[in-house]
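Enquirer:
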Amino acid sequence: AQRVTQPEKLLSVFKGAPVELKCNYSYSGSPELFWYVQYSRQRLQLLLRHISRESIKGFTADLNKGETSFHLKKPFAQEEDSAMYYCALSPQYGNKLVFGAGTILRVKS
Amino acid sequence: EAGVTQFPSHSVIEKGQTVTLRCDPISGHDNLYWYRRVMGKEIKFLLHFVKESKQDESGMPNNRFLAERTGGTYSTLKVQPAELEDSGVYFCASSQDRLAGDTQYFGPGTRLTVL
Numbered sequence: 016a017q018r019v020t021q022p023e024k025l026l027s028v029f030k031g032a033p034v035e036l037k038c039n040y041s042y043s044g045s046p047e048l049f050w051y052v053q054y055s056r057q058r059l060q061l062l063l064r065h066i067s068r069e070s071i072k073g074f075t076a077d078l079n080k081g082e083t084s085f086h087l088k089k090p091f092a093q094e095e096d097s098a099m100y101y102c103a104l105s106p107q108y109g110n111k112l113v114f115g116a117g118t119i120l121r122v123k124s
Numbered sequence: 009e010a011g012v013t014q015f016p017s018h019s020v021i022e023k024g025q026t027v028t029l030r031c032d033p034i035s036g037h038d039n040l041y042w043y044r045r046v047m048g049k050e051i052k053f054l055l056h057f058v059k060e061s062k063q064d065e066s067g068m069p070n071n072r073f074l075a076e077r078t079g080g081t082y083s084t085l086k087v088q089p090a091e092l093e094d095s096g097v098y099f100c101a102s103s104q105d106r107l108a109g110d111t112q113y114f115g116p117g118t119r120l121t122v123l
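Chains W and V supply the protein sequences, listed in that same order. For reference, each letter of the first sequence is one residue, going 16 to 124 in our numbering. For reference, each letter of the second sequence is one residue, going 9 to 123 in our numbering.
#1: What number of angstroms, rounded off, separates the C-alpha of residue 25(V) from the C-alpha of residue 46(V)?
#2: Which residues, in chain order, does the stretch 36-60 of chain V contribute to contact with chain W at a C-beta distance below 8 Å?
#3: Could you tell me the alpha carbon to alpha carbon distance between residue 121(V) and residue 88(V), rounded to whole angstroms?
#4: Alpha carbon to alpha carbon, how far is residue 16(V) from residue 67(W)? Give it in angstroms, no decimals.
#5: Taking a contact to mean a Cβ-Cβ separation below 8 Å, would you say residue 19(W) touches residue 102(W) in this structure?
#6: If contact is defined by three or more beta carbon pairs under 8 Å, each pair taking one atom from either stretch, is the stretch 65-77 of chain V in contact with the stretch 112-123 of chain W?
#7: Along the stretch 94-122 of chain W, what residues have a CB closer than 9 Å to any CB found in chain V?
#8: Kindly list, in the order they appear in chain V, the residues whose Cβ is closer than 9 Å to that of residue 68(W).
#9: Taking only three categories from DSSP, how would you classify residue 93(V)?
#10: So which residues of chain W does residue 64(V) contact, with C-beta pairs closer than 8 Å?
#11: Residue 19(V) and residue 84(V) look like a contact to me (Cβ under 8 Å); what is the Cβ gap, rounded to whole Å?
#12: For residue 111(V), which of helix, strand or coil comes out of DSSP?
#13: Please confirm whether residue 87(W) has its beta-carbon closer than 8 Å to some beta-carbon of chain V.
#14: Using only the heavy atoms of the ligand NAD, determine whether one of them is closer than 7 Å to the beta carbon of residue 113(W).
#15: DSSP on residue 81(V), reduced to helix/strand/coil?
#16: With burial defined as no fewer than 16 other Cβ atoms inside 10 Å of the residue's Cβ, what is the status of residue 44(V): buried or exposed?
#17: Pull up the DSSP beta-bridge partners for residue 99(W), would you.
#18: Given residue 108(V), which residues of its chain have a CB within under 8 Å of its CB, disregarding the five upstream and five downstream residues?
#19: What number of angstroms, rounded off, separates the C-alpha of residue 76(W) from the C-alpha of residue 26(W)?
#20: Closest to residue 93(V) by CA distance: which of 58(V), 60(V), 49(V) and 78(V) is it?
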């Protein structure tokens with residue numbers, strides 16, 4: 016079965032503090048992993064994907080196949096990072112996305 | 009370039025009525041996806057079109073839901089008759105290519121409320 020688990024519904028941090036949004040997945044094959052973000056009053060948009068191995072807006076995520084995790088990290092949170100973050104997997108390239116429940120990130124000043 | 013558009017943005021109907029949601033993908037995108045998020049739950053896949061063909065409709069909840077994509081451009085999702093549990097936000101997404109590097113671009117969603 017394909018499943019994405021985001022254990023935290025809400026993560027609240029102070030500006031400048033490190034952030035880690037957790038994501039674990041279950042899938043028997045080799046999925047592609049994504050982080051999507053939805054800012055207030057905006058549409059869902061791709062933040063980053065594991066095959067790109069890039070940093071977007073200071074965020075990085077490393078795929079750990081042994082732990083089946085894809086945690087999203089940022090060393091210093093900013094207020095504009097406040098949003099809903101969804102971890103998702105795609106069983107095959109270009110196919111459907113399986114989403115986690117999402118984590119609300121609140122960055123306090 | 010215009011993004012994915014969805015109409016209407018909100019719809020409030022009574023149980024038993026019919027509602028049709030529309031999605032216009034990004035021009036040139038062959039792949040079109042429907043997802044929905046019901047209250048308190050995660051975003052779930054409904055179906056995937058490649059041009060006008062249904063590639064995967066494994067997420068469609070039951071036969072009250074009918075999706076079409078005539079001509080391979082815009083798509084409609086009809087719910088008939090609507091039930092209370094159909095309330096939620098319906099998202100459409102499109103992508104250009106099924107190969108590696110494909111990114112799904114999402115529309116703003118249609119919020120459906122069934123009373």
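Ideal Cβ placement from N, Cα and C applies to all residues, glycine included.
Expert: Quick answer:
#1: For the purposes of this step, residue 25(V) is identified with residue 17 of the second sequence, where counting begins at 1. For the purposes of this step, residue 46(V) is identified with residue 38 of the second sequence, where counting begins at 1. Roughly 18 Å between the two C-alpha positions.
#2: 39, 41, 43, 49, 50, 51, 52, 53 and 56
#3: Mapped onto the second sequence, residue 121(V) falls at position 113. Mapped onto the second sequence, residue 88(V) falls at position 80. Distance between the alpha carbons of residue 121(V) and residue 88(V): 14 Å.
#4: Residue numbering aside, residue 67(W) sits at position 52 when the first sequence is read from its first letter. Residue numbering aside, residue 16(V) sits at position 8 when the second sequence is read from its first letter. Rounded to the nearest angstrom, the two C-alpha atoms are 35 Å apart.
#5: Translated into positions along the first sequence, residue 19(W) becomes position 4. Translated into positions along the first sequence, residue 102(W) becomes position 87. The answer is yes: Cβ separation under 8 Å.
#6: no
#7: 101, 103, 105, 107, 108, 109, 110, 111, 112, 113, 114, 115, 116 and 117
#8: As a working note, residue 68(W) is residue 53 in the first sequence. Near residue 68(W) there are no residues of chain V at all, since even the closest Cβ is about 13 Å away, more than 9 Å.
#9: Within the second sequence, residue 93(V) is the residue found at index 85, counting from 1. The answer is helix: DSSP assigns residue 93(V) an H, G or I state.
#10: Position 56 of the second sequence, counting from 1, holds the residue named residue 64(V). Per Cβ cutoff of 8 Å: 110 and 111.
#11: Counted from its first residue, the second sequence places residue 19(V) at position 11. Counted from its first residue, the second sequence places residue 84(V) at position 76. In fact, because the Cβ distance is near 13 Å, the residues do not count as touching under 8 Å.
#12: The residue labelled residue 111(V) in the question sits at position 103 within the second sequence. Correct three-state label for residue 111(V): coil.
#13: Counted from its first residue, the first sequence places residue 87(W) at position 72. Not closer than 8 Å to any Cβ of chain V, the Cβ of residue 87(W) fails to qualify, so no.
#14: For the ligand NAD, the structure offers nothing, since it holds no ligand at all.
#15: As a working note, residue 81(V) is residue 73 in the second sequence. Residue 81(V) falls in the coil class under three-state DSSP.
#16: Translated into the one-based positions of the second sequence, residue 44(V) becomes position 36. Counting Cβ neighbours within 10 Å, residue 44(V) comes out buried, since at least 16 surround it.
#17: Along the first sequence, one-based indexing puts residue 99(W) at 84. Per DSSP, 53(W) and 119(W).
#18: Along the second sequence, one-based indexing puts residue 108(V) at 100. Model confidence at residue 108(V) stands at a pLDDT of 47, short of 50, so the residue's coordinates are unreliable; what they give is reported in the following sentence. Excluding residues within five positions, none has a Cβ falling inside 8 Å.
#19: Stepping through the first sequence from its first residue, residue 76(W) is reached at position 61. Stepping through the first sequence from its first residue, residue 26(W) is reached at position 11. One C-alpha to the other measures close to 17 Å.
#20: On the second sequence, residue 93(V) is found 85 positions in, with the first residue counted as 1. Considering only 58(V), 60(V), 49(V) and 78(V), the residue with the shortest C-alpha distance to residue 93(V) is 49(V).
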